[in-house]
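Colleague: Once you've had a glance at the structure underneath, I'll fire off some questions.
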Amino acid sequence: MDRQLLSKILAQMKKNLKDGKEIGDMKVGALLAR
């Protein structure tokens, strides 16, 4: 995976965790399920 893309996803997940933990957890779950 592209390193820049990965850091973008991580930044997005952090933002989602601030906005709403459930959304962040769903994204983490989707990434782990791949």
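Everything in the sequence shown is counted per UniProt numbering, starting at 1 for the first residue and increasing by one.
Positions of the beta carbon are idealized from the N, C-alpha and C atoms, including for glycine.
Because the structure is a prediction, the values reported are computed rather than measured.
1) Spatial neighbours of Q12 within its chain, please: CB distance less than 8 Å, with the 5 preceding and 5 following residues excluded, ordered by chain position.
2) Whole angstroms is fine: what's the gap from G29's alpha carbon to E22's?
3) By Cβ distance, which residues of its chain are closer than 6 Å to K14, with the 5 residues on each side in sequence left out?
Modeller: In short, the structure shows the following:
1) K27
2) 10 Å
3) none
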